[in-house]
Amino acid sequence: MRRDIVQAKFNINIPKSKWLAVFSNQFSHLNIKILSKYLISNDIGITSLQIKGPITGQTKNKLIQILSLESFQILHTEPNLLILNVKVEDPYILNALIKTELLLRYPLKVKNGKIHLKVLAVRSKVDQFLSELEKNNIKFDLISISHYAHSAILTQKQAEVLKRAYEEGYYEIPRRISLSKLAKKLDISPSALSELFRRIHFRLANNY
Numbered sequence: 001m002r003r004d005i006v007q008a009k010f011n012i013n014i015p016k017s018k019w020l021a022v023f024s025n026q027f028s029h030l031n032i033k034i035l036s037k038y039l040i041s042n043d044i045g046i047t048s049l050q051i052k053g054p055i056t057g058q059t060k061n062k063l064i065q066i067l068s069l070e071s072f073q074i075l076h077t078e079p080n081l082l083i084l085n086v087k088v089e090d091p092y093i094l095n096a097l098i099k100t101e102l103l104l105r106y107p108l109k110v111k112n113g114k115i116h117l118k119v120l121a122v123r124s125k126v127d128q129f130l131s132e133l134e135k136n137n138i139k140f141d142l143i144s145i146s147h148y149a150h151s152a153i154l155t156q157k158q159a160e161v162l163k164r165a166y167e168e169g170y171y172e173i174p175r176r177i178s179l180s181k182l183a184k185k186l187d188i189s190p191s192a193l194s195e196l197f198r199r200i201h202f203r204l205a206n207n208y
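Be aware that the sequence shown starts at 1, since it is given in this note's numbering, and climbs by one per residue.
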């Protein structure tokens, strides 16, 4: 069913012209993770990254050289750790994620020019996301897609609330329904729904 909640895993090829594809291919021994991604306009995004491993002075210099055409800021550095923000133009993948409102499991692993994604979403949103990638000629591998087995993680009530929230557009950007209006439809108080969401998100973050 296209309205069923599913979990899916993808490997997405980063366009070869992008700095992250170049860097992750040249330094495949490093542990590179995307901590967050967000848009600041339709054609510009910000990506926060964590790089772990033997980061030598030569590695840093090469990274700065690869990033020479990008706007970036090193936020934290120590012998085997680097955290930075990078401003990216034409963020095709990020735009597709925002447009289809997929719930991502962070951090996202990056290796050999590929981003490894784990998502939780309504099936129709996953299909829409794949269509957006194809529209932009971005290659991907769908590793797995399956019905979300909520019984081991969420209670029946939590699973029902999560599904209803998706159906009512609570997770869409912008939201089609506010917390208070959704609470009214569920016949509970806004504060009780807020606490219920906190528990749902906590369980998903720790078990998904």
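Every residue gets a Cβ at the ideal spot worked out from N, C-alpha and C, and that includes glycine.
Please read all numbers here as calculations on a predicted model, not as lab measurements.
query: Exposure of residue 24, with buried meaning 16 or more beta-carbon neighbours within 10 Å; result: buried
query: Collapsed DSSP secondary structure at residue 168 in the structure displayed; result: helix
query: Beta strand (DSSP E) runs contained entirely in the segment 16 to 59, provided each spans 3 or more residues; result: 31 to 41 and 44 to 52
query: Residue range of the beta strand (DSSP E) that includes residue 70; result: Residue 70 -> no beta strand (DSSP E), and no H or E assigned at all.
query: Simplified DSSP state of residue 181, which is helix, strand or coil; result: helix
query: Where residue 80 sits in the DSSP three-state scheme; result: coil
query: Neighbourhood of residue 38 by C-beta distance below 7 angstroms, restricted to the same chain and skipping five residues each side; result: 45 and 46
query: Buried versus exposed call for residue 113 [16 or more other C-beta atoms within 10 Å across all chains shown]; result: buried
query: Range of the contiguous beta strand (DSSP E) that encloses residue 14; result: No beta strand (DSSP E) holds residue 14; DSSP gives it neither H nor E.
query: Cβ shell of residue 99 (< 7 angstroms), same chain only, five flanking positions each side left out; result: 132
query: Nearest neighbour of residue 50, chosen from 169, 85, 29 and 115 [CA to CA]; result: 85
query: Proximity of residue 196 and residue 161 at Cβ, strictly below 8 angstroms; result: yes
query: Beta-carbon proximity list for residue 9, same chain, < 6 angstroms, skipping 5 on both sides; result: 118, 143 and 144
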